[in-house]
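Notes for the one structure printed next.
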Amino acid sequence: MQVYCSKKHANSSSNRFCIHCGEPLALAAGQIVDNRYRVIRQLGQGGFGRTYLAEDTKKSNQTCVLKEFAPQVTEKQDLQKARELFEREANVLKKLNHPQIPMFHNSFQVTLGSKEFFFLVQDYIDGDNFDKLLEERQSQGKSFTEAEIINFLEKILPVLSYIHSQDVVHRDISPDNLIWRRSDNLPVLIDFGGVKQLPASQGFWFTQLAGNYTLLGKKGYAPEEQLRQGKVYKNSDLYSLAVTVLVLLTGKEPQKLYDSYQGIWRWGREINVSFKLEAVLKKMLAYKPSDRYQNADQILKDLPSPDVTKAPVTHLTKIKTMIVAPGRKAGAIVSKLHNKTQVASQKLPLPAWLRPFAVSFGGTAIVILTGAGTWAVVNSIIKGVSSIQPPQISLPQLPSLPNPIAQPVSGKDKVSLSQVLSRRQQLEVPDSFFIQTVDELFYAQKPELKGRSLSSKPEDAALRDEWANVGAGLLNKIEQANLSTAARRQLGSYTERNYDTWRRQARSGQLGSYTVNDLNRDTNQKFDKLFPGQDRGKLNPNTLRQVWYAIASDQVSQARQSR
């Protein structure tokens, strides 16, 4: 019998690691772990390992969830850092004791083969997650009613109130991390893989370990301060909960509900709720953390009373879904875009295949994001947070569209990677923005790679050349945009807040006769010449949207000077 790793490499069932790539293989049914836990079957697979349904042979074969944490490191110091991270998570989970949170039972470390593995043991929760419930309802042309949502909020907000009272922030609230438990029809908050404890002296959490830090959260669900800055407040969870509510009410992904161009939620168009509930949700979704509710109890006081309070129709789902943290059911359909957790590792070492050219980066930091269907993390880059391999999330691929930058690499058109990186440095284009954008364009051009990471091996030489060519094309476009040095330096740092500022300046007369319409028109014209055929409404805010902002920034500067 053959077993397969996540890359579909075939292996003998007796192997513990893939003979092709070294990835740990799934534990076999019946295998005993730590002389205590008998594996029944695999339940799901997350970024740091797999989860299993198991029996505790020392507790009358009680079912439990075995959560694997398998860092891909070999050095002793790296393993020690991994152990510290694992123990920190376990210690946070140990202190949580709430009936709507899977109970923590045990944590241990074992050696399997020649590598160290860490395991957490938690309650097994039998139920359907809200993503699945919504999917079932949508198949019947329905979604959750406002009365059901208010009932849901009344039952889940006390859970958030509890974890926040323990100075713990979940950081990853979304429909697939909430289960409607069959036994008592209560929502259960799961997947505490991203949980972090707030320092007692700070109002927010910012992870930093050995000079590295991690940003975690689902794009569309997490607020900007969390995804872009790594700052996590207690009401960052309240923001994510509000987005979850909008998705359940409308049946639409966050990206469909938020106008990134205007920086506003589509109230009254895509989102139609009662005035009272809208007021509550708007406050939960405030851009500034200081403008939001400061705690869950405040929301409970402001919640309107539903006309009819009832639980979701749980009988819609006939097949039991076994939900654990982290990961989804093995063999499940690829989840929707909004179910993908975005992980950003900053201040990481260069990918192995780029290290020979490190001098061209001038020693500056690199940002590597796993974006929804845009670009993949280079495996070699992983010596990241605590030197632990970050999640390799399987994401939906972009359709094969004409790439306005990339051209076939051949003959005189071929450029060297060192030339591209040196040119990037001369133009003072931030390396974080540059790598993100080149990766996005490269993988959109190469959907057949399915996000496969490049390597320094000879067989990837042609692909590395194409990557360099895409990078050269991007730099050509940036030069053609005739951006100021200041605008180029800001690439990767612009947000909707910048646009809001420019819009206010125009409306208040600070730009003379130059109006918001003038700004949009001129910026769109320049952008469209550089990137013909691009749908401006679907631009990635971290990549090509940054070029749009940079053009707009220069337009504003020119208007201000010509007053």
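Under my numbering, think of the first position of the sequence shown as -12, with each following residue one higher.
All C-beta atoms in this analysis are idealised placements derived from N, C-alpha and C, irrespective of residue type, glycine included.
On a predicted model such as this, the values are computed, not experimentally measured, just so you know.
Can you tell me whether Phe105 sits near the ligand HEM, meaning its C-beta is under 7 Å from at least one heavy atom of the ligand? The ligand HEM is absent from the structure shown, which contains no ligands of any kind.
Among Gln32, Cys8, His7, Val52, the one whose alpha carbon lies nearest that of Arg25: Working through the sequence shown from its first residue, we reach residue 25 at position 38. Minimum Cα distance to Arg25 is reached at Val52.
Which of helix, strand or coil does DSSP assign to His7? Locating residue 7 in the sequence shown gives position 20, counting from the first residue. Reduced to three states, the DSSP call for His7 is coil.
To the nearest angstrom, how far is it from the Cα of Gln32 to the Cα of Leu107? On the sequence shown, position 45 is the one that residue 32 refers to. On the sequence shown, position 120 is the one that residue 107 refers to. Straight-line Cα distance between these residues: approximately 14 Å.
Out of Val155, Ala283, Arg169, Asp178, which one is the CA nearest neighbour of Ser161? Here residue 161 is taken as the residue at index 174 of the sequence shown, counted from 1. For Ser161, the nearest C-alpha among the options comes from Asp178.
Less than 8 Å separating the beta-carbons of Leu176 and Ile112? Indexing the sequence shown from 1 puts residue 176 at position 189. Indexing the sequence shown from 1 puts residue 112 at position 125. Cβ atoms of Leu176 and Ile112: not closer than 8 Å.
Option nearest Thr482 by Cα separation, candidates Glu133, Thr530, Glu435, Gly460: One-based indexing of the sequence shown puts residue 482 at position 495. Measuring from the Cα of Thr482, the nearest candidate turns out to be Thr530.
Rounded to whole angstroms, how far is the Cβ of Arg550 from the Cβ of Gly499, which I believe are closer than 8 Å? Start at 1 with the first residue of the sequence shown, and residue 550 comes out as number 563. Start at 1 with the first residue of the sequence shown, and residue 499 comes out as number 512. Going by Cβ atoms, the distance from Arg550 to Gly499 rounds to 4 Å, so yes, they are a contact pair.
Taking the alpha-carbon positions, what's the Pro272 to Asp284 distance? Along the sequence shown, one-based indexing puts residue 272 at 285. Along the sequence shown, one-based indexing puts residue 284 at 297. Residue identity check: residue 272 is Leu in the sequence provided, not Pro. Roughly 16 Å between the two C-alpha positions.
Applying the 10 Å Cβ sphere with the 16-neighbour rule, what's the burial state of Gln213? Along the sequence shown, one-based indexing puts residue 213 at 226. That one is buried.
Euclidean distance between Cα positions of Ser247 and Leu147: Counting from 1 along the sequence shown, the entry for residue 247 is found at position 260. Counting from 1 along the sequence shown, the entry for residue 147 is found at position 160. Each residue's alpha carbon lies about 28 Å from the other.
Out of Phe104, Leu173, Gly238, point me to the one whose CA is closest to Lys119's CA. Position 132 of the sequence shown, counting from 1, holds the residue named residue 119. Nearest option by C-alpha distance: Gly238.
Given a threshold of 16 other Cβ atoms within 10 Å of its Cβ, counted over all protein chains shown, does Thr472 qualify as buried or as exposed? Locating residue 472 in the sequence shown gives position 485, counting from the first residue. Per the 10 Å Cβ criterion, exposed.
Decide if Lys370 is buried, meaning its Cβ has at least 16 other Cβ atoms within 10 Å, or exposed. Along the sequence shown, one-based indexing puts residue 370 at 383. With a pLDDT of 33 at Lys370, under the threshold of 50, the predicted position of this residue should be treated as unreliable, and no value is reported.
Pull up the distance between the alpha-carbon of Gln109 and that of Thr424, whole angstroms please. For the purposes of this step, residue 109 is identified with residue 122 of the sequence shown, where counting begins at 1. For the purposes of this step, residue 424 is identified with residue 437 of the sequence shown, where counting begins at 1. So the two alpha carbons sit approximately 40 Å from each other.
At a cut of 8 Å, does the region 242 to 259 reach the region 278 to 293 through at least three beta carbon pairs? no
Helix, strand or coil at Phe131 [DSSP, three-state]: The sequence position of residue 131 within the sequence shown is 144, counting from 1. Phe131: coil per DSSP, three-state reduction.
In whole angstroms, what is the alpha-carbon distance linking Arg411 and Gln548? Taking the sequence shown and counting its residues from 1, the one referred to as residue 411 is at position 424. Taking the sequence shown and counting its residues from 1, the one referred to as residue 548 is at position 561. Each residue's Cα considered, the two are about 28 Å apart.
Which of the three DSSP states, helix, strand or coil, is assigned to Val407? For the purposes of this step, residue 407 is taken as the residue at position 420 of the sequence shown. In this structure, Val407 counts as helix in the three-state DSSP scheme.
When you compare the CB positions of Ile137 and Pro291, do they come within less than 8 Å of one another, or not? Within the sequence shown, numbered from 1, the residue matching residue 137 stands at position 150. Within the sequence shown, numbered from 1, the residue matching residue 291 stands at position 304. Taking 8 Å as the Cβ cut-off, Ile137 and Pro291 qualify as a contacting pair.
So Thr510 and Ala539 are in contact, right, with Cβ under 8 Å, and what is the actual spacing, rounded? Looking up residue 510 in the sequence shown gives position 523. Looking up residue 539 in the sequence shown gives position 552. Their Cβ separation, rounded to whole angstroms, is 4 Å, which keeps Thr510 and Ala539 in contact under 8 Å.
Supposed close pair Ala537, Arg475 - CB separation, criterion 8 Å: In the sequence shown, the residue the question calls residue 537 occupies position 550. In the sequence shown, the residue the question calls residue 475 occupies position 488. Contact flag correct, Cβ pair sits at about 7 Å.
Whole-angstrom distance between Phe91 and Phe429, CA atom to CA atom: As a position in the sequence shown, residue 429 is number 442, starting the count at 1. As a position in the sequence shown, residue 91 is number 104, starting the count at 1. C-alpha separation (whole angstroms): 43 Å.
When you compare only the Cα positions, how much space is there between Lys221 and His157? Here residue 221 is taken as the residue at index 234 of the sequence shown, counted from 1. Here residue 157 is taken as the residue at index 170 of the sequence shown, counted from 1. Going by C-alpha positions, Lys221 is about 9 Å away from His157.
Hey, out of Gln29, Gln216, Leu235, whose CA is closest to Lys124's CA? The sequence position of residue 124 within the sequence shown is 137, counting from 1. The question names Lys, but residue 124 is Arg in the sequence shown. Among Gln29, Gln216, Leu235, the Cα nearest to that of Arg124 belongs to Leu235.
Which of the three DSSP states, helix, strand or coil, is assigned to Pro145? In the sequence shown, residue 145 corresponds to position 158, counting from 1. The answer is helix: DSSP assigns Pro145 an H, G or I state.
If you run the structure through DSSP and keep just helix, strand and coil, what is Ile112? Here residue 112 refers to the residue found at position 125 when the sequence shown is read from its first residue. DSSP, reduced to helix, strand and coil, places Ile112 within a strand of the structure shown.
Kindly indicate which residue of Arg168, Phe131, Ala266, Phe262 has the alpha-carbon position closest to the one of Thr231. Position 244 of the sequence shown, counted from the start, is the residue given in the question as residue 231. For the residues Arg168, Phe131, Ala266, Phe262, the minimum Cα distance to Thr231 belongs to Phe131.
I need the straight-line Cα distance from Lys433 to Leu287, nearest angstrom please. In the sequence shown, the residue the question calls residue 433 occupies position 446. In the sequence shown, the residue the question calls residue 287 occupies position 300. Going from the Cα of Lys433 to the Cα of Leu287 covers about 49 Å.
What does DSSP give as the partner residue(s) for Lys54 in the beta ladder? Your numbering for residue 54 matches position 67 in the sequence shown. Lys54 pairs with Thr38, Leu107.
DSSP three-state label for Thr502, please. As a working note, residue 502 is residue 515 in the sequence shown. Residue state, collapsed to three classes: coil.
Would you report the Cα separation of Leu121 and Lys243, rounded to the nearest angstrom? Residue numbering aside, residue 121 sits at position 134 when the sequence shown is read from its first letter. Residue numbering aside, residue 243 sits at position 256 when the sequence shown is read from its first letter. For Leu121 and Lys243, the distance between alpha carbons rounds to 16 Å.
Let me make sure I understand the geometry here. Which of Leu165, Glu265, Gln249 has the alpha-carbon closest to that of Asn116? Counting from 1 along the sequence shown, the entry for residue 116 is found at position 129. Selected option, being the one with the closest Cα: Leu165.
Please state the DSSP three-state secondary structure of Asn282. Sequence index remark: in the sequence shown, residue 282 carries index 295 (1-based). Three-state DSSP puts Asn282 in coil, outside helix and strand.
Taking DSSP's pairing of strands, which residues face Ala546 in a bridge? Mapped onto the sequence shown, residue 546 falls at position 559. Paired residues: none, contrary to the question.
Terminal residues of the beta strand (DSSP E) in which Pro174 lies: Translated into positions along the sequence shown, residue 174 becomes position 187. Its beta strand (DSSP E) spans residues 174 to 176.
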